[in-house]
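Protein chains in written order, with numbering that gives the first Met the number 0: chain A, 0 to 459; chain B, 0 to 282.
Every residue gets a Cβ at the ideal spot worked out from N, C-alpha and C, and that includes glycine.
On a predicted model such as this, the values are computed, not experimentally measured, just so you know.
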Amino acid sequence: MENEAVVKGSYFEGLWKFFVSVKLTVVVLLLLASLSIIGTFIPQNESPADYLRAFGPFLYHVMATLDVFDMYRSWWFQGLMVLLVVNIIICSIDRLQVTGKIIFTRNPKFNLASYRRRKSRRKMKLNGDIGHIENHCQAAIAKMFSYCKVVSTDHGVAITAEKGRWTRLGVYIVHLSVVVIDEGDSIDTIQLRFKNETRKLPFTIQCDDFDVQFYDSGAPKEFRSKLTIIENGRVVMQKDIIVNDPLRYKGINIFQSSYGRSANQGAVLDSAKEIELRFQSNASGKTYNVKTQLEKPVEIPEGLGQFVLDAYHPQVQFRGMDVGSAFVGTLTPKGGDPSQVLLPIKFPRFDTMRKGDVVISVAPGVEALFKERFFTGLQITNDPGVTMVYIGFTLIVLGCMVTFFMSHQQVVVEIQPKGKNIAVMVSGKTNKNRVGFDHKLERLVKNLSEADTTEYRKVV
Amino acid sequence: MINSSLLLSIITFVFGFAALLYLISWVFQKEVVGKAATWVTVVAVAGDAAGILLRWNESYNIAGGYGHAPLSNIYESLVFFSLTIGLIYLVVERKYRNRIIGCFAMPLSFFALAYASFGTSAKIQPLIPALKSNWLIAHVMTCFVGYSAFALAFGVSIMYLIKAGKNETEGNSLLGRLPTSAILDEVTHQLIMFGFLFLTAGIITGAVWANSAWGRYWGWDPKETWSLITWFVYATLLHARLMRGWRGTPIAILSIVGFLAVIFTYFGVNLLPGLHSYGAMKG
Chain A
0 MENEAVVKGS YFEGLWKFFV SVKLTVVVLL LLASLSIIGT FIPQNESPAD YLRAFGPFLY
60 HVMATLDVFD MYRSWWFQGL MVLLVVNIII CSIDRLQVTG KIIFTRNPKF NLASYRRRKS
120 RRKMKLNGDI GHIENHCQAA IAKMFSYCKV VSTDHGVAIT AEKGRWTRLG VYIVHLSVVV
180 IDEGDSIDTI QLRFKNETRK LPFTIQCDDF DVQFYDSGAP KEFRSKLTII ENGRVVMQKD
240 IIVNDPLRYK GINIFQSSYG RSANQGAVLD SAKEIELRFQ SNASGKTYNV KTQLEKPVEI
300 PEGLGQFVLD AYHPQVQFRG MDVGSAFVGT LTPKGGDPSQ VLLPIKFPRF DTMRKGDVVI
360 SVAPGVEALF KERFFTGLQI TNDPGVTMVY IGFTLIVLGC MVTFFMSHQQ VVVEIQPKGK
420 NIAVMVSGKT NKNRVGFDHK LERLVKNLSE ADTTEYRKVV
Chain B
0 MINSSLLLSI ITFVFGFAAL LYLISWVFQK EVVGKAATWV TVVAVAGDAA GILLRWNESY
60 NIAGGYGHAP LSNIYESLVF FSLTIGLIYL VVERKYRNRI IGCFAMPLSF FALAYASFGT
120 SAKIQPLIPA LKSNWLIAHV MTCFVGYSAF ALAFGVSIMY LIKAGKNETE GNSLLGRLPT
180 SAILDEVTHQ LIMFGFLFLT AGIITGAVWA NSAWGRYWGW DPKETWSLIT WFVYATLLHA
240 RLMRGWRGTP IAILSIVGFL AVIFTYFGVN LLPGLHSYGA MKG
């Protein structure tokens, strides 16, 4: 590495030399790329017990010491990031000392001799009045370049022009934005999720309603929480939040992050709702529909006894088989003993197995009476660094556009009488995208040749 | 009316046909065949775009709120991928006036679309809540424009490695007709700068979207991490170019490594132990 050569210099100088090299950038970027792979193959932030089981005690101990299980926050990974940032800053300062002088100047210098020597220069001979040709050239060049100045030479004039001098700053914008993003990111989001720590919000969040919609396929379509923010006993804000549309109040963001079915078995039955029962008499074969409510006894037609719905169970096992949601009721035949009857909603013929005088079932459509109960999962964040990160995002995109696709272009067009003709030389240089610039010079040459009213000859 | 997945299956073969024509024009030096190859590519690109629009329309014709821009799953993104590869290739062909690159570019479109049509499900699925965002469109489009540029850079880098060190074979051999290695290096660099800008924008739109959906812009999940790894590789390439002696072959190799990272970001990440699938390791 280059830094070995400067042991003689001061300590600071040596350090500077180390950080100023592009080699360091390449090495650090490659290290970041390859080390980042580790954390994608070894799941991060799982429970120690899982890791212990997967890797055994020895490997587990080694990996835990090296923070492999939380590697992106580890000292070595963060250290590499810091190294990259320091490298970027020092490189930028170093380069700016040189390019700064080029960029921040009122009167750009054009070394005519070097333009006359360029291989890519083009020469042509034009006929006509020299004053007219000069004016034409100047007008054409001024259209294509923002800075344009005519200087006199030993034998004639030279039009010097340029554009995009400021675009040399692009790369510094990109580098600055990488630093801004990294710094913004280190203004840390407080992570409470896996910690035994409580922070108090400066206001109260009240969830007034929560609604889940599904597609026909059963996949969730939308979940929406109706939220009210209450501060000092007053309602200060009301908003429905859905995924991708959070509520923001005083720097706190509230996200719709998940939902689930209520732990108390998911569904409840409103006890005031009417339930339709169906009795089929074995003696007559007739079917009777009778409406009732939970815990309200009904008389079975044809004098077959009395029936009462006792309870609803969302999940019922019958002889080891899952029969889904079901009602449990009590049947008391005339002059007989009460017995328990199971009425699974999905299987209306279930009660035939009892082989009684009457087959009891719940009429179809009973599902509509149930309201599935869901709970909403909200994620609450406070990330003061996010503004800075977003500024960095904007800067890096703009910076890349400038750095990659805009260039500092300079041209010199020299015009002087030569014999009966006027000799015109076009020469230019750019710091980027030579192919595109060549096309541009080609266009310029063609344009300038139009100053000649009689004939255009290009001599290369 | 023809349905979009049938149309796109047909377009797959149009891309394949274009690749074949480019190959024939390279081997047999027939200008007419080269021109035909360009036009067949134009037709394939137009057909691909038509397929996307058709599918967009079809999604709105399904009852139940299925309608959405066709950029939501692996099938739809591959279709878009083959379109952007075709489009960017046409620009490169025009700018550098060379058709041999087509031999290395069109197979990429062909394979992307062939895999989409015959290896994935073309069924239109409704959007889950997390995907219902305008950021979806911005994110997928920027990412895949970037990936397409990287795919083409990959093709051109392979050309470079074939050509490298054989610049003296100027004559009329197959290799001699390849663009000079200087031009191939330049094309690779241009494509990678273009791709890098879009990859950067793609990662950013993804981050902004994640922040609006889940309240965090970066979580180091495997997909995010691999997109950053890809970014690091191409950032390395752009800086390595500034070092003496690093132009040419090392850049071509980095460009190939970068594209492999792209592929892994796209396909391989699904094979990794993701959130809550730790059980896979216990084996």
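Buried/exposed call for residue i, threshold 16 Cβ in 10 Å
| i | result |
| --- | --- |
| Pro-331 (chain B) | Because chain B here runs from 0 to 282, residue 331 (chain B) falls outside it and cannot be looked at. |
| Thr-104 (chain A) | exposed |
| Arg-249 (chain A) | According to the sequence displayed, residue 249 (chain A) carries Lys and not Arg. Classification for Lys-249 (chain A): exposed. |
| Phe-222 (chain A) | buried |
| Val-412 (chain A) | buried |
| Lys-162 (chain B) | buried |
| Asp-451 (chain A) | buried |
| Ser-172 (chain B) | exposed |
| Thr-286 (chain A) | exposed |
| Pro-416 (chain A) | exposed |
| Trp-134 (chain B) | buried |
| Met-158 (chain B) | buried |
| Gln-189 (chain B) | buried |
| Glu-441 (chain A) | exposed |
| Trp-213 (chain B) | buried |
| Phe-109 (chain B) | buried |
| Arg-318 (chain A) | exposed |
| Asn-2 (chain B) | exposed |
| His-154 (chain A) | exposed |
| Gly-38 (chain A) | buried |
Pairwise C-alpha distance: residue j and residue i
| i | j | result |
| --- | --- | --- |
| Ala-262 (chain A) | Val-211 (chain A) | In this prediction, Ala-262 (chain A) has a pLDDT of 47, which is less than 50 and means its spatial position is unreliable; what the coordinates show is noted afterwards. Straight-line Cα distance between these residues: approximately 16 Å. |
| Asp-239 (chain A) | Thr-227 (chain A) | 9 Å |
| Leu-198 (chain B) | Trp-25 (chain B) | 32 Å |
| Val-85 (chain A) | Glu-12 (chain A) | 15 Å |
| Arg-115 (chain A) | Met-424 (chain A) | 8 Å |
| Lys-431 (chain A) | Leu-107 (chain B) | 29 Å |
| Asp-382 (chain A) | Lys-118 (chain A) | 56 Å |
| Ile-9 (chain B) | Lys-34 (chain B) | 21 Å |
| Asp-47 (chain B) | Arg-198 (chain A) | 53 Å |
| Met-320 (chain A) | Gln-314 (chain A) | 11 Å |
| Ser-44 (chain A) | Asp-69 (chain A) | The sequence as given places Asn at residue 44 (chain A); Ser does not occur at that position. Their Cα atoms are separated by approximately 6 Å. |
| Leu-20 (chain B) | Ala-36 (chain B) | 5 Å |
| Val-294 (chain A) | Gln-339 (chain A) | According to the sequence shown, residue 294 (chain A) is Glu rather than Val. Going by the C-alpha atoms only, they are around 14 Å apart. |
| Phe-17 (chain A) | Gly-78 (chain A) | 16 Å |
| Leu-51 (chain A) | Leu-246 (chain A) | 41 Å |
| Lys-356 (chain B) | Ala-43 (chain B) | Past the boundaries of the shown model lies residue 356 (chain B); chain B is included only from 0 to 282, so the question cannot be answered. |
| Asp-128 (chain A) | Lys-419 (chain A) | 10 Å |
| Gln-305 (chain A) | Lys-333 (chain A) | 8 Å |
| Gly-265 (chain A) | Trp-74 (chain A) | Confidence in Gly-265 (chain A) is poor, its pLDDT being 43 and thus under 50, which makes the residue's placement too unreliable to answer from. |
| Ala-137 (chain B) | Leu-227 (chain B) | 18 Å |
| Leu-330 (chain A) | Ser-71 (chain B) | 55 Å |
| Ala-115 (chain B) | Ile-73 (chain B) | 7 Å |
| Ala-260 (chain B) | Leu-125 (chain A) | 56 Å |
Counterpart residues of residue i in DSSP-defined beta bridges
| i | result |
| --- | --- |
| Ile-253 (chain A) | A:Leu-246, A:Ile-379 |
| Ser-151 (chain A) | A:Val-156 |
| Glu-221 (chain A) | A:Gln-212 |
| Met-236 (chain A) | A:Ile-228 |
| Gly-259 (chain A) | A:Phe-374 |
| Gln-28 (chain B) | Answer by DSSP bridge pairing: none, since Gln-28 (chain B) is not bridged. |
| Met-320 (chain A) | A:Phe-317 |
| Asn-305 (chain A) | A small fix is needed here, since residue 305 (chain A) is Gln in this sequence, not Asn. Gln-305 (chain A) is bridged to A:Glu-298, A:Thr-331. |
Original post:
Is there contact here, the stretch 90 to 98 of chain B with the stretch 42 to 59 of chain B, by at least three beta-carbon pairs under 8 Å?
Top reply: Three or more Cβ pairs closer than 8 Å define a contact, and the stretch 90 to 98 of chain B falls short of that threshold against the stretch 42 to 59 of chain B.
Subject >> Any beta strand (DSSP E) of 3 or more consecutive residues that is wholly inside the stretch 350 to 393 of chain A >> reply: Whole beta strand (DSSP E) segments, 3+ residues: 357 to 361, 369 to 371, 373 to 380.
Original post:
Quick one: any contact between the stretch 69 to 80 of chain B and the stretch 110 to 121 of chain B, if contact means 3 or more CB pairs under 8 Å?
Top reply: yes
Subject >> Inter-stretch contact (C-beta, 8 Å, three-pair minimum) for the stretch 45 to 65 of chain A and the stretch 12 to 29 of chain A >> reply: no
**OP:** Tell me, please, whether the stretch 136 to 156 of chain A touches the stretch 439 to 450 of chain A by the rule of three or more beta-carbon pairs shorter than 8 Å.
**Re:** yes
Original post:
Okay, do the stretch 131 to 148 of chain B and the stretch 199 to 210 of chain B touch, 3+ Cβ pairs below 8 Å being the bar?
Top reply: yes
**OP:** Please confirm if the stretch 89 to 106 of chain A is in contact with the stretch 166 to 182 of chain A, defined as three or more CB-CB distances below 8 Å between the two stretches.
**Re:** yes
Original post:
Which runs of the alpha helix (DSSP H) fall wholly inside the stretch 65 to 105 of chain A and span at least 4 residues, in chain order?
Top reply: 74 to 102
Original post:
What beta strand (DSSP E) runs, 3 residues minimum, are completely inside the stretch 20 to 51 of chain A?
Top reply: none
Original post:
Would the stretch 378 to 398 of chain A and the stretch 173 to 185 of chain A be scored as touching if the rule is three or more Cβ pairs under 8 Å?
Top reply: yes
Original post:
Is the number of C-beta pairs between the stretch 221 to 228 of chain B and the stretch 394 to 405 of chain A that are closer than 8 Å three or more?
Top reply: no
**OP:** Taking only runs that begin and end inside the stretch 275 to 300 of chain A, name each unbroken alpha helix (DSSP H) of 4 or more residues, in chain order.
**Re:** none
**OP:** Could you tell me which uninterrupted alpha helix (DSSP H) segments, each at least 4 residues in length, are contained entirely in the stretch 23 to 84 of chain B, listed from first to last along the chain?
**Re:** 30 to 60
Original post:
Can you give, in chain order, each stretch of the beta strand (DSSP E) that sits fully within the stretch 104 to 133 of chain A and has at least 3 residues?
Top reply: 121 to 125
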